[in-house]
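Asks: Attaching a single structure in structure tokens format; questions to follow.
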Amino acid sequence: TPTDRNEILRKREIRDSLNLQTILKYIKLHGYPEIRLVGRRPAKAFWYVFIHCGDTIEMQKGLSVLKDLCRQGEAEWSHFALLTDKLHVAKKELQEYGTQYDLGPDGTGLMRLYPYDNIEAVNERRKKLGMGPIGDPKDN
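Using our numbering, the first residue of the sequence shown is number 1368, and each one after it goes up by one.
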């Protein structure tokens, strides 16, 4: 029901906010995690908190650091793509890498790729980051 969905979303927002506060405290104490220091899986979890936080100011700060860490091999480019697109979606802009989906407006509950400029440009950007191509959802 809509009430249950709203309650689930509210709880998720609270959890995401608490997770963000936790990693911001971590950053103050230790800086941003590097794969060689914390391992691939903990570094991945760290960036997923940013990806899900919804705070565009913190997302933007994290994105610039993440790009530098990716260049050094201390973070994964796929996380850069996810965070970039998540930030664009939050700002109601076109995504760059085709990583974000939403529920279609038709009420069927089917997931659809959030808007992007064109599939060729998306796939070219993905290729530069070492990511595979996506098919054009309009072809399905």
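C-beta: ideal position from N, C-alpha, C; glycine also.
For the segment 1438-1447 against the segment 1475-1485, do three or more pairs of beta-carbon atoms, one drawn from each stretch, fall closer than 8 Å, so that the two count as touching?
Replies: no
Asks: Can the beta-carbon of Asn1386 be found closer than 9 Å to that of His1419?
Replies: Counting from 1 along the sequence shown, the entry for residue 1386 is found at position 19. Counting from 1 along the sequence shown, the entry for residue 1419 is found at position 52. Going by C-beta atoms, Asn1386 is nearer than 9 Å to His1419.
Asks: Taking the alpha helix (DSSP H) that Tyr1415 belongs to, which residues open and close that run?
Replies: Sequence index remark: in the sequence shown, residue 1415 carries index 48 (1-based). DSSP places Tyr1415 in the uninterrupted alpha helix (DSSP H) bounded by Arg1407 to Cys1420.
Asks: Out of curiosity, what's the CA-to-CA distance linking Pro1340 and Lys1428?
Replies: Lying outside 1368 to 1507, the shown extent of the chain, residue 1340 is not represented and no answer is given.
Asks: Would you say Lys1395 touches the ligand MN, meaning its beta carbon is less than 8 Å from a heavy atom?
Replies: With respect to small molecules bound, the structure shown includes none, and the ligand MN cannot be examined in it.
Asks: Which one or two residues does DSSP pair with Leu1470 in a beta bridge?
Replies: Walking along the sequence shown from the start, residue 1470 turns up at place 103. Its beta-bridge partners are Met1478.
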